[in-house]
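Peer 1: In terms of my numbering, the sequence shown is residues 356 to 586.
Have a look at the structure that comes next, please.
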Amino acid sequence: MPALSVCEDLDSLVVQYMRLVDEHLNVHDRISTKFQEGRELISQAKYIMGPKNVSADCYDNRMKAIRGVAMDTPTEITIRDLAAERKRLAKEEENEQKKKELQEAMSKRDDGEISSRSDEIPSSSEGLRRRGGGMTMSRSENSPSPIQTSIDEAKSQAESDTPTPAPKKKKERKPDPLLWFGVFVPGSLRNAQAVFQNSLPDIVELTVIRQRLLQLEQDIERLQVLKKQTA
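Below you can see the structure in the form of structure tokens.
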């Protein structure tokens with residue numbers, strides 16, 4: 356009975372393996388068809404723009420990938436839009452910087468209000484003198500005159516009203532590789548890019564199928580050894 360169970364499991368794994376091989380061939384054919392279509396479209400673009408204008412000489416060595424994959428397990432792979440992720444992170448950093456600048460501006464304003472209020476309180480150097488039975492305020496010799504105080508306040512107000520020049524933003528390069536070949540590229544080159552991008556899900560599926568085939572091969576070998584031991 357144990358040998359019969361092992362044989363049944365082995366037969367089931369072989370059937371699964373053959374089905375995966377069939378799926379592997381179908382996906383491989385789809386990828387080959389798309390790649391052939393993409394190469395033909397690139398040939399048309401070279402004919403329109405000239406061979407030198409669509410070649411490796413146009414590549415930008417500073418390029419960054421606009422597509423990626425996230426692999427949780429060998430059989431769980433998802434496609435990531437890296438360009439959109441970088442754009443989102445840059446936007447979040449910009450918002451965080453603006454929030455920080457706003458908090459600093461509010462903190463400076465609160466400090467300025469506290470300082471102005473403290474200036475309005477008479478200092479201990481100012482005393483009261485009784486002259487002729489009356490109460491008069493005496494001003495320290497080193498304290499500024501009312502006219503000078505008004506001038507200083509006007510200057511500080513003018514300086515605070517003067518807008519500070521905003522830092523120049525670094526010009527962001529477009530991540531689209533089509534711009535390597537010019538602004539107005541032919542439709543055949545744009546279609547070639549779309550064809551290759553549409554082949555990414557098939558490539559990921561082919562990779563997953565291969566991983567499953569490898570796993571099944573290991574299971575089949577294990578059951579074959581177990582079958583020999585129970586025979």
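Glycine included, each C-beta is placed from N, C-alpha and C at the ideal position.
Roughly how many angstroms lie between the CA atoms of Ala460 and Leu534, to the nearest whole one?
Peer 2: 41 Å
Peer 1: Buried or exposed for Val361, going by 16 or more other Cβ atoms inside 10 Å?
Peer 2: buried
Peer 1: In this structure, does DSSP put Thr430 in helix, strand or coil?
Peer 2: coil
Peer 1: So for Arg422, helix, strand or coil by DSSP?
Peer 2: strand
Peer 1: Does the distance from the C-beta atom of Ala549 to that of Leu396 stay below 7 Å?
Peer 2: no
Peer 1: Taking only beta-carbon atoms, is Asp427 less than 7 Å away from chain C?
Peer 2: Any reference to chain C falls outside this structure, which holds one protein chain only.
Peer 1: What are the start and end residues of the alpha helix (DSSP H) that includes Ser543?
Peer 2: Element bounds for Ser543: 542-553.
Peer 1: Is Arg435 helix, strand or coil by DSSP?
Peer 2: Arg435: strand per DSSP, three-state reduction.
Peer 1: Whole-angstrom Cβ separation of Leu555 and Arg422, contact assumed at under 8 Å?
Peer 2: 6 Å
Peer 1: Compare the C-alpha of Gln552 against each of Ile434, Leu380, Asp384, Met373 and name the closest.
Peer 2: Ile434
Peer 1: Determine the contact status of Ile564 and Leu380, defining contact as a CB-CB distance below 7 Å.
Peer 2: no
Peer 1: Report yes or no: do the region 364-378 and the region 561-581 share at least 3 C-beta pairs separated by less than 8 Å?
Peer 2: yes
Peer 1: Measuring alpha carbon to alpha carbon, tell me which residue in Val580, Asp531, Ile558 is nearest Lys442.
Peer 2: Asp531
Peer 1: Identify whether Asp415 lies in helix, strand or coil by the three-state DSSP scheme.
Peer 2: coil
Peer 1: CA-CA distance, Arg464 and Glu456?
Peer 2: 12 Å
Peer 1: Would Gly482 be called buried (16 or more neighbouring beta carbons within 10 Å of its own) or exposed?
Peer 2: Residue placement at Gly482 is poorly supported in this model, since its pLDDT is 48, which falls under 50; the coordinates are not used for a value here.
Peer 1: Tell whether a beta-carbon distance below 7 Å holds between Ala411 and Leu437.
Peer 2: no
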